[in-house]
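Visitor: Take a look at the following structure, please.
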Amino acid sequence: MAIRGESNATPATDVGASSSSRMPWRVAEVTTVIEETPRVRTLVLRVPDWPGHMAGQHVDVRLTGEDGYQAQRSYSIASAPEASRVMLTIERLEDGEVSPYLAAEVRAGDRFELRGPIGRYFVWTAAVGGPLFLIAGGSGIVPLMAMLRHRAAIKSTVPAYFLYSSRTVEDIIYRGELDRLAALRDGLTIYHTFTRQQPEGWTGGARRIDRAMLADACPPRERPRIFICGPTSLVETAAALLLDLGHERGLIKTERFGPTGTMT
Amino acid sequence: MTTDHESDSAPPLDGNAVGGLLRELFVLDITAATLTCGGCGITALVGDVRVFGGPMGAIFRCVHCDTAVMRVVHTPTGLWFDMRGARNLHVTPHA
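This is the structure in structure tokens:
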């Protein structure tokens, strides 16, 4: 898919100049591509005049074909606000319209349109406080990783509990960095569970996230700020179990993947 | 505007997911604003409301009573916005 490069292009679908000045489409250039797992890549982007973002926010990405056909998807920002570049981590979906390009074809130097940052709801800042209870399945880790990176960057020591469900060890996104963050011993505890295949000798979680795992990871009496991101079924199951365990509704924030898994 | 339940077979998103679409209408990011349902009077954060649709159009539905509290849709003639189902929208200054 060819990508339109003009930053001042006004798409037919915009309602007028005022909308693009509020949150304009910007042309992002890929500077580096990082292979995270066989199905997941991180794109490091140069975004002119990027206004900065908060951990947990997302962007809209728009690709334009040579025939003018446009496809638009939302992707969570993986990088901390402190990072010098905006990073998106994208999982390849076989039937996806946008992700096969971003997760397989795109190369350093390629450009595409992006707007953001978007969302004030699924956001963690130091002012939100802690403890933090993060729950993710697969590429649902992306906005939560921005929170963990931000927490490390500001040297926050609020307790953070991260429950992460992956299919196998090889599917853990940011595996090395998660190990390094946990080794800092600054109050972060990471619990892995593997739903398809467990490493030899593994004594941790070996099933989908369930009530016992949620109860063990962080009790309601700590009144954690909870962020859940992943496939709809995981998000809804975890949120219902957490309410049943006694966590407060107002402290639980969710981010579901779309029907085609577009919201990473 | 499409019929209300046309897109209901697809699983819903969170209101937060279509924050970009809302920014085409609002000066502020309203995903952390509070919306009061005109049907049952319950309040919820816009980012927490169930949304059906995508970047070209979305229906926001009350979690409690299923009332369509907001509808936003792109058409060839422009952008339509319908808030009949909401009693009010409370936007607080960002921290």
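These protein sequence lines are chains A and B, in that order. In terms of this note's numbering, the first sequence is residues 1 to 264. In terms of this note's numbering, the second sequence is residues 1001 to 1095. Here a beta-carbon is modelled for each residue, glycine too, at the ideal position from N, C-alpha and C.
Measure from the alpha carbon of Gly-116 of chain A to the alpha carbon of each residue in B:Gly-1015, B:Arg-1023, B:Gly-1039, then state which is nearest.
Guide: Translated into positions along the first sequence, residue 116 of chain A becomes position 116. Checked all of B:Gly-1015, B:Arg-1023, B:Gly-1039; the closest Cα to Gly-116 of chain A is B:Arg-1023.
Visitor: In chain B, which residues lie less than 7 angstroms from Thr-232 of chain A when you measure between Cβ atoms?
Guide: The residue labelled residue 232 of chain A in the question sits at position 232 within the first sequence. Result: Pro-1011.
Visitor: Would Trp-1080 of chain B be called buried (16 or more neighbouring beta carbons within 10 Å of its own) or exposed?
Guide: On the second sequence, residue 1080 of chain B is found 80 positions in, with the first residue counted as 1. With fewer than 16 Cβ atoms within 10 Å of its Cβ, Trp-1080 of chain B is classed as exposed.
Visitor: Give the single residue among A:Leu-241, A:Gln-197, A:Val-169 whose Cα lies nearest to the Cα of Asp-216 of chain A.
Guide: Residue 216 of chain A sits at position 216 when you count from the first residue of the first sequence. Checking every option, the nearest Cα to that of Asp-216 of chain A belongs to A:Leu-241.
Visitor: Is the segment 99 to 108 of chain A close to the segment 186 to 199 of chain A, with three or more CB pairs under 8 angstroms?
Guide: With the cut-off at 8 angstroms, the segment 99 to 108 of chain A and the segment 186 to 199 of chain A do not touch.
Visitor: What does Asp-1014 of chain B touch in chain A if you count any residue whose Cβ is under 7 angstroms from its own?
Guide: The residue labelled residue 1014 of chain B in the question sits at position 14 within the second sequence. Here the neighbours are Thr-254, Glu-255, Arg-256.
Visitor: Identify whether Thr-157 of chain A lies in helix, strand or coil by the three-state DSSP scheme.
Guide: To locate residue 157 of chain A, count along the first sequence from 1; it is residue 157. Three-state result, Thr-157 of chain A: coil.
Visitor: By the criterion of Cβ-Cβ separation under 7 angstroms, what are the contact partners of Ala-1032 of chain B in chain A?
Guide: Counting from one through the second sequence, the residue named residue 1032 of chain B turns up at place 32. The answer, in chain order, is Arg-120, Tyr-121.
Visitor: Pick from A:Leu-181, A:Glu-170, A:Tyr-75: whose alpha carbon is nearest that of His-150 of chain A?
Guide: Against the first sequence, residue 150 of chain A aligns to sequence position 150. Of the listed residues, the one whose Cα sits closest to His-150 of chain A is A:Leu-181.
Visitor: Determine the chain A residues that contact Arg-1023 of chain B at a beta-carbon separation under 7 angstroms, and present them in chain order.
Guide: For the purposes of this step, residue 1023 of chain B is taken as the residue at position 23 of the second sequence. By Cβ distance, chain A contributes Arg-22, Met-23, Ile-118.
Visitor: Nearest to Leu-1013 of chain B by alpha carbon, out of A:Gly-250, A:Val-235, A:Leu-243?
Guide: Within the second sequence, numbered from 1, the residue matching residue 1013 of chain B stands at position 13. Considering only alpha carbons, the answer is A:Val-235.
Visitor: With distances taken between CB atoms, is the gap from Arg-111 of chain A to Ala-28 of chain A smaller than 8 angstroms?
Guide: Stepping through the first sequence from its first residue, residue 111 of chain A is reached at position 111. Stepping through the first sequence from its first residue, residue 28 of chain A is reached at position 28. Closer than 8 angstroms, so yes.
Visitor: Beta carbon of Cys-1037 of chain B, beta carbon of Arg-1087 of chain B: below 8 angstroms?
Guide: The residue labelled residue 1037 of chain B in the question sits at position 37 within the second sequence. The residue labelled residue 1087 of chain B in the question sits at position 87 within the second sequence. In this structure, Arg-1087 of chain B lies closer than 8 angstroms to Cys-1037 of chain B by Cβ.
Visitor: For Leu-251 of chain A, collect the residues of the same chain with a Cβ closer than 8 angstroms to its Cβ; drop the 5 residues on either side in sequence, then sort them by chain order.
Guide: Counting from one through the first sequence, the residue named residue 251 of chain A turns up at place 251. Counting only Cβ-Cβ distances below 8 angstroms, and skipping sequence neighbours, we find Arg-223, Pro-224, Arg-225, Ile-226.
Visitor: Given a cut-off of 8 angstroms on the beta-carbon distance, is the pair Leu-1045 of chain B and Ala-1058 of chain B in contact?
Guide: Indexing the second sequence from 1 puts residue 1045 of chain B at position 45. Indexing the second sequence from 1 puts residue 1058 of chain B at position 58. Not a contact, by the Cβ cut-off of 8 angstroms.
Visitor: Three-state secondary structure (DSSP) at Val-1091 of chain B?
Guide: Start at 1 with the first residue of the second sequence, and residue 1091 of chain B comes out as number 91. Val-1091 of chain B: coil per DSSP, three-state reduction.
Visitor: For Gly-1019 of chain B, which residues in chain A fall below 7 angstroms Cβ to Cβ?
Guide: For this step, residue 1019 of chain B is matched to residue 19 along the second sequence. Those within 7 angstroms of Gly-1019 of chain B in chain A are Ile-118, Gly-119.
Visitor: Flag Arg-185 of chain A as yes if its beta-carbon sits less than 8 angstroms from any beta-carbon of chain B, otherwise no.
Guide: Within the first sequence, the letter at position 185 stands for residue 185 of chain A. No, no contact with chain B.
Visitor: Please determine, among B:Pro-1055, B:Ile-1042, B:Met-1083, the residue with the shortest C-alpha to C-alpha distance to Thr-1075 of chain B.
Guide: By 1-based counting over the second sequence, the position of residue 1075 of chain B is 75. Closest by alpha carbon: B:Pro-1055.
Visitor: Establish whether the CB of Val-1069 of chain B and some CB of chain A are separated by less than 8 angstroms.
Guide: As a first step, residue 1069 of chain B is located in the second sequence; it is residue number 69 there, counting from the start. Not one chain A Cβ lies under 8 angstroms of Val-1069 of chain B.
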